[in-house]
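Participant: In the working numbering, the protein residues as written are 21 to 175.
Please read through the structure below; I'll follow up with questions.
Encoded structure:
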């Protein structure tokens, strides 16, 4: 029993170390949470991405997926745990800026669905797409439960 209590306390203590002031402000609303996520994955040349903050914004069992569009073929869904996503993305340290073009939020009874068209700028390359999120609130803060995105020309 003491080991379980110690493990639980250790988890919450180390989780809180990764939290920043910007993260705690982001937890207050679905719109601010998803905007903060984009700040975490974006970076300037020579600047590290904010993966600890990214993880702190997600539920422990959150899923992150991309619907990969393939020319002349059906799309393919690639799904990751948060840790697997961070590990995969950390292998590519190329700087890029991802900015939301607008955000639409629907909230009901502690749940939120967010639709976020975005623009990604990496050097001279510009891409657009849509992120869609499922969020939930525990009454204290908002968490990412899932994120699904795809790239393509926006209408």
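Note that the Cβ used here is the ideal one computed from N, Cα and C, for glycine as well.
DSSP three-state call for residue 85: helix, strand or coil?
Facilitator: Three-state DSSP puts residue 85 in a strand.
Participant: Is it the case that the Cβ atoms of residue 85 and residue 99 are separated by a distance below 7 Å?
Facilitator: Closer than 7 Å, so yes.
Participant: List the DSSP bridge partners of residue 152.
Facilitator: Residue 152 pairs with 135 and 168.
Participant: Alpha carbon to alpha carbon, what distance is there between residue 131 and residue 156?
Facilitator: So the two alpha carbons sit approximately 5 Å from each other.
Participant: How far does the alpha helix (DSSP H) with residue 102 in it extend, from its first residue to its last?
Facilitator: Note, residue 102: alpha helix (DSSP H), 102-110.
Participant: Quick one: give me the first and last residue of the beta strand (DSSP E) that residue 75 is part of.
Facilitator: Counting along the chain, residue 75 falls outside any beta strand (DSSP E), though it belongs to the alpha helix (DSSP H) covering 71-76.
Participant: So, at 6 Å on beta carbons, what are the nonlocal neighbours of residue 162 in its own chain, with the 5 sequence-adjacent residues on each side left out?
Facilitator: Correct list, in chain order: 47, 50, 53 and 155.
Participant: Alpha carbons only, please: which of 129, 146 and 152 is nearest the one belonging to residue 159?
Facilitator: Looking at the Cα atoms, 129 is the closest of the given residues.
Participant: Confirm, please, whether the CB-CB distance from residue 151 to residue 141 is below 7 Å.
Facilitator: No, Cβ-Cβ distance for residue 141 and residue 151 is not below 7 Å.
Participant: Under 7 Å between the Cβ atoms of residue 138 and residue 120?
Facilitator: Cβ atoms of residue 138 and residue 120: closer than 7 Å.
Participant: For residue 145, which beta-bridge partners are listed by DSSP?
Facilitator: Answer is 142.
Participant: Quick check: the Cα distance between residue 104 and residue 169, rounded to an integer number of angstroms?
Facilitator: Their Cα atoms are separated by approximately 16 Å.
Participant: Assuming residue 58 contacts residue 77 under a Cβ cut-off of 8 Å, what Cβ separation, rounded to an integer in Å, is found between them?
Facilitator: Actually they do not touch by this definition, with Cβ atoms about 11 Å apart.
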